[in-house]
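Per the numbering used here, residue 28 is the first one in the sequence shown, and the count goes up by one each step.
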Amino acid sequence: PPPRPPPPPLPPPPPVVRYPPPPPPYPPLGASWNAASQIQASGQPASARTVPVLLSPPPPMTQSFTPLLSAKPMPRQNCACIHDVIVIGSSVAFGQSAMGNRGWATLLAEVLKSKYSLEVYNAALPGSDTGAALETLQGVLAFCRPRAVVIGLAPANEGLRSVRTLVDAKRVATYYLTGLWKIIQTARLNGAAVMLGGVYPNGKYQPTPHAEVLHQIQADMMSWTYPVFDFLAAVEDSINPGQWKPGTFADAGHPNDLGHRLMFSAVDTTLFHPVKLPCPS
């Protein structure tokens, strides 16, 4: 039989579209970050770009109060929402890789229930980046106005674990901090206090650029007027920056039971005292 003709060649792949990073709506990320030069490098004049108009950081929701001395649960003060605290985040906040998904956010919910009679709804979804988390929060706020929103996200889901250069890592940081700030504003505009889960390690991070930028992100978050739970101090290996402490991780991106307990130890539960968390007006 005659030989079969060769198969037709495959079509060429579509061109890669690279979008320039948005200008940061917060103090620049490190002295080397120059938003103006990034705008010029994108080929677009600054006048052609739409700069988002963001609110200035609102004053903190909490003040100094005498800590609750009794372990007796406080009587519940009913608000417009059955849930007092909403957790928004990704797989670690969801509790992935903990036994029965009983991660740091679940441990927090148990303590707030027993100590302050506060109800916690964990709306964290594995794989969420800041854009997906914002959509989740908007959906929750459509039917519920909580006292507080806890945000537990990771720049790894924004793409930090995949970049190889410091320039690309800083661009990811810009996206992450910009998205995080939008979530904060959405919560604040709905009358909720905001508390931030800090960044945490990943087994795919290298000292440079990943761990270097990870710590810069943490420093920027701590310069804002909101409480930050310092997960890095709890679970980062002191010898290998950006890596989990030995024995605290289930895989590259997720802590195990011990890791979740250590992350929960970084949460100051007294911030959730009902006196500090009035019902949204």
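Note that CB positions come from ideal geometry on N, CA and C, so glycine has one too.
Going by DSSP in three states, L300 sits in which element: helix, strand or coil?
Sequence index remark: in the sequence shown, residue 300 carries index 273 (1-based). Inspection of the sequence shows that residue 300 is occupied by His rather than by Leu. Coil, per DSSP.
Could you check whether S155 and L117 sit closer than 7 Å to each other, using their CB atoms as the reference points?
One-based indexing of the sequence shown puts residue 117 at position 90. One-based indexing of the sequence shown puts residue 155 at position 128. The amino acid occupying residue 117 in the given sequence is Ser; Leu does not appear at that position. For S117 and S155, yes; Cβs fall inside 7 Å.
Minimum C-alpha distance to G130 - residue among A151, Y143, K140 and L145
The count along the sequence shown starts at 1 and reaches residue 130 at position 103. That would be A151, whose Cα lies nearest to the Cα of G130.
Using CA coordinates, which residue listed in G127, S124 and L161 is at the minimum distance from I113?
Along the sequence shown, read from residue 1 onward, the residue named residue 113 stands at position 86. The shortest C-alpha separation from I113 is found at L161.
Spatial distance of K297 from L204 (CA atoms):
Here residue 297 refers to the residue found at position 270 when the sequence shown is read from its first residue. Here residue 204 refers to the residue found at position 177 when the sequence shown is read from its first residue. Contrary to the premise, residue 297 reads as Thr rather than Lys in this sequence. Approximately 26 Å between the Cα atoms of the pair.
Please check the pair L135 and V147, which I expect to be a contact at CB under 8 Å, by giving their CB distance rounded to whole angstroms.
Working through the sequence shown from its first residue, we reach residue 135 at position 108. Working through the sequence shown from its first residue, we reach residue 147 at position 120. The Cβ separation is near 7 Å, so the contact holds.
Going straight from the alpha carbon of V44 to that of E239, what length do you get?
As a working mapping, residue 44 is identified with position 17 in the sequence shown. As a working mapping, residue 239 is identified with position 212 in the sequence shown. Here V44 scores only 41 on pLDDT, less than 50, and its place in the model should not be relied on; the value that follows carries that caveat. Taking the CA atoms as reference points, V44 sits about 27 Å from E239.
Note down the Cα distance separating P254 from P282, rounded to an integer number of angstroms.
Residue numbering aside, residue 254 sits at position 227 when the sequence shown is read from its first letter. Residue numbering aside, residue 282 sits at position 255 when the sequence shown is read from its first letter. Each residue's Cα considered, the two are about 22 Å apart.
Going by other Cβ atoms of all chains shown within 10 Å of its Cβ, with 16 needed for buried, is E185 buried or exposed?
Against the sequence shown, residue 185 aligns to sequence position 158. Classification of E185: buried, given that the 10 Å Cβ count is 16 or more.
Just tell me which of V294, K197 and I210 has its CA closest to the CA of L241.
Working through the sequence shown from its first residue, we reach residue 241 at position 214. The shortest C-alpha separation from L241 is found at K197.
Report buried or exposed for M126, applying the criterion of at least 16 other Cβ atoms within 10 angstroms of its Cβ.
Taking the first residue of the sequence shown as 1, we reach residue 126 at position 99. Answer is exposed; the Cβ neighbour count stays below 16.
Using only alpha-carbon positions, find the residue among I109, P234 and L304 that is nearest to N22.
Nothing can be reported for residue 22: it is not among the residues displayed for the chain, which extend from 28 to 308.
Applying the 10 Å Cβ sphere with the 16-neighbour rule, what's the burial state of P182?
One-based indexing of the sequence shown puts residue 182 at position 155. The residue is buried, with at least 16 neighbouring Cβ atoms inside 10 Å.
Within the same chain, show all residues whose beta-carbon is closer than 8 Å to that of G230, passing over the 5 residues directly before and after it, in chain order.
The residue given as residue 230 occupies position 203 in the sequence shown. Excluding positions up to five away in sequence, the list reads Q270, W271, F276, D278, A279 and G280.
Which residue wins for smallest C-alpha separation from S141, given the options H237, A246, P301 and M222?
Indexing the sequence shown from 1 puts residue 141 at position 114. Answer by Cα proximity: P301.
Give the DSSP bridge partners of E185, in chain order.
In the sequence shown, residue 185 corresponds to position 158, counting from 1. Partner(s): none; E185 has no beta bridge.
Residue closest to A120, alpha-carbon to alpha-carbon, out of Q245, F258 and D264
Start at 1 with the first residue of the sequence shown, and residue 120 comes out as number 93. Here the closest residue by C-alpha is F258.
For T213, is the beta carbon positioned less than 6 Å from some heavy atom of the ligand SAH?
This structure simply doesn't include the ligand SAH, nor any ligand for that matter.
Who are the near neighbours of A260 in its chain, counting only those whose CB is closer than 7 Å to its CB and skipping five residues on each side?
As a first step, residue 260 is located in the sequence shown; it is residue number 233 there, counting from the start. Closer than 7 Å at Cβ, skipping near neighbours: A293.
State yes or no: is the C-beta of H237 within less than 7 Å of the C-beta of P173?
Mapped onto the sequence shown, residue 237 falls at position 210. Mapped onto the sequence shown, residue 173 falls at position 146. No, the pair does not count as a contact, with Cβ atoms beyond the cut-off.
Based on DSSP bridge pairs, tell me the residues matched to I178.
The residue you call residue 178 lines up with position 151 of the sequence shown. Note: I178 sits in a beta bridge opposite I115 and L223.
Taking the alpha carbon of V262 as the reference point, which residue from A246, H287 and G158 has its own alpha carbon closest?
For the purposes of this step, residue 262 is identified with residue 235 of the sequence shown, where counting begins at 1. It is H287 whose Cα lies nearest to the Cα of V262.
Which residue comes first and which comes last in the alpha helix (DSSP H) that contains V262?
On the sequence shown, position 235 is the one that residue 262 refers to. Taken as a continuous stretch (DSSP letters only), the alpha helix (DSSP H) holding V262 covers F258 to V262.
Answer with buried or exposed for G166, where buried requires no fewer than 16 other C-beta atoms within 10 angstroms of its C-beta.
Stepping through the sequence shown from its first residue, residue 166 is reached at position 139. Exposed is the call here.
Could you pull out every residue in the same chain whose Cβ sits closer than 6 Å to the Cβ of C108, ignoring the five residues on either side in sequence?
Residue 108 sits at position 81 when you count from the first residue of the sequence shown. The answer, listed in chain order, is C171, R172 and P173.
Give the straight-line distance between the Cα atoms of Q245 and S144, rounded to the nearest whole angstrom.
Against the sequence shown, residue 245 aligns to sequence position 218. Against the sequence shown, residue 144 aligns to sequence position 117. Each residue's Cα considered, the two are about 31 Å apart.
With DSSP as the reference, please indicate the residues paired to W271 in a beta bridge.
Here the question's residue 271 lines up with position 244 in the sequence shown. DSSP, once it has assigned bridges, lists E263 as partnering W271.
So L180 and T157 are in contact, right, with Cβ under 8 Å, and what is the actual spacing, rounded?
In the sequence shown, the residue the question calls residue 180 occupies position 153. In the sequence shown, the residue the question calls residue 157 occupies position 130. Sure, about 6 Å apart at Cβ, within 8 Å.
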